[in-house]
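Quick notes on the structure that follows.
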Ligand code: ADP
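Numbering (the numbering used here), first residue to last: 34 to 341.
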């Protein structure tokens, strides 16, 4: 019951308790320790001061601890608030860009009387590409709220890793830049290892990691591969892109966080890695990154081969 009391009420109770103890027991305690009358009368004179000093020390410690806790909570709230504002600005921009493209190309299709088949294809491709981009932003926002509410449901099944990774790579061919090569580095064994996990969620994680590697690499190689032992599989996505500084590497898995270089030139919402980390934990695995600024980044992901 005392645990449920507010801090100020607990504090008042403690104050009364300590005062009561002092009034009731201080004389007995003094008599136990001291026997000669001179010291006894001196202690009696300064008894009040001892109490003030003793309680001041205790109360100072308690109040200091409480204030530090409050200050930290306030700083966290302010930081969250700033992050959310930044997120809203980012996301508005991220939504407006593909929306403008969709509206623009649709209007062109409606306005032009006769469109060459190639131009028609070009407009349609742009509309489809931008619609997909929009959909993935909306999916990310929905996913993070489902994960936060704890309502995410996993559907695990046996999956062969090679075809799954190849499918993800195939879907990302459209965003491949001219000077970037995408290679995979699989162990030579047919369909690859079999893993019991949630196909859609694993695809989503790989999509985020490989999508980021392709997005943040202007020139060079992006390689995707894995190694496996009897218990788990280690998947890696290695790029030769802009890299992430040491300071920022520890925070990029947090919601809405983007590295300074990544944010400036590439846009994004800062949700992909936060979602990937949450999903990975739900699947019983771990995710981390190693990076060097301007050299490249490698993301690692471990998953148990079997988990219930
Ligand atoms: P988004 O890419 O939408 O901003 P993510 O959560 O996927 O959100 O990534 C967070 C940030 O981490 C990115 O903004 C970028 O700064 C950094 N980042 C992620 N992957 C890479 C990578 N492969 N190379 C360099 N920076 C990366």
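Glycine included, every Cβ here is placed at the ideal spot set by N, Cα and C.
Everything numeric in this text was worked out from a predicted model, so none of it was measured.
- Tell me residue 148's beta-bridge partners as DSSP assigns them. According to DSSP, residue 148 bridges with nothing at all.
- Item | Spatial neighbours of residue 120 in its chain, beta-carbon cut-off 6 Å, leaving aside the 5 residues before and after | 289
- Task: Just confirm the distance between the C-beta atoms of residue 338 and residue 246, as a whole number of angstroms; I'd bet it's less than 8 Å.
- Result: In this structure residue 338 is not in contact with residue 246, their Cβ atoms being roughly 24 Å apart against a cut-off of 8 Å.
- Message: I'd like the ranges of any alpha helix (DSSP H) spanning at least 4 consecutive residues and lying wholly in the stretch 283 to 317.
- Response: The DSSP assignment places complete alpha helix (DSSP H) segments of no fewer than 4 residues inside the stretch 283 to 317 at 293 to 299, 305 to 315, in order along the chain.
- Task: Tell me whether residue 243 is buried or exposed, calling it buried when 16 or more other Cβ atoms sit within 10 Å of its Cβ.
- Result: buried
- Element boundaries [beta strand (DSSP E), containing residue 337]: 329 to 337
- Message: For the ligand ADP, I want to know if residue 258 counts as a neighbour, meaning its beta carbon is within less than 7 Å of at least one of the ligand's heavy atoms.
- Response: no
- Item | Outcome for residue 196 when other beta-carbon atoms lying within 10 angstroms are tallied against a minimum of 16 | exposed
- Message: Three or more C-beta pairs under 8 Å: does that hold for the stretch 158 to 177 against the stretch 134 to 146?
- Response: yes
- Message: Going by C-alpha to C-alpha distance, which of 87, 334, 275, 315 sits closest to residue 248?
- Response: 275
- Item | Any non-hydrogen atom of the ligand ADP within 7 Å of residue 277 CB | yes
- What are the boundary residues of the alpha helix (DSSP H) that includes residue 62? 40 to 66
- Item | For residue 261: DSSP bridge partner residues | 266
- Message: If I measure Cβ to Cβ from residue 236 and keep anything under 8 Å in the same chain, skipping five residues before and after, which residues do I get?
- Response: Cβ within range, chain order: 197, 200, 201.
- Return the chain-ordered list of same chain residues with a C-beta closer than 6 Å to the C-beta of residue 185, the five sequence neighbours on each side being excluded. The beta carbon of residue 185 sits closer than 6 Å to the beta carbons of 179 from its chain, once the five residues preceding and following it are set aside; these are given in chain order.
- Which residues DSSP lists as bridging residue 197, in chain order: DSSP, once it has assigned bridges, lists no residue as partnering residue 197.
- How about residue 309 and residue 192: do their beta carbons lie closer than 8 Å? Against a cut-off of 8 Å, the Cβ pair of residue 192 and residue 309 comes out as no contact.
- Item | Start-to-end residues for the beta strand (DSSP E) that takes in residue 319 | Under the DSSP assignment, residue 319 falls in the beta strand (DSSP E) whose first and last residues are 319 to 325.
- Does the distance from the C-beta atom of residue 300 to that of residue 126 stay below 8 Å? yes
- Query: Hey, is residue 301 close to the ligand ADP, as in C-beta under 7 Å from one of its heavy atoms?
  - Reply: yes
- Item | Assigned exposure category for residue 259 - 16 Cβ within 10 Å defines buried | buried
- Rounded to the nearest angstrom, how far is the Cβ of residue 302 from that of residue 123, given a contact under 8 Å? 6 Å
- Query: If you measure from the CB of residue 2, is any heavy atom of the ligand ADP nearer than 7 Å?
  - Reply: Nothing about residue 2 can be reported from this structure: the residues present for the chain run from 34 to 341 only.
- Message: Buried or exposed, going by whether 16 or more other CB atoms sit within 10 Å of the CB of residue 129?
- Response: exposed
- Item | Which listed residue (87, 60, 215, 89) has its alpha carbon closest to that of residue 75 | 60
- Quick one: grab the DSSP three-state call for residue 162. In the structure shown, residue 162 sits in a helix (DSSP, three-state: H, G or I).
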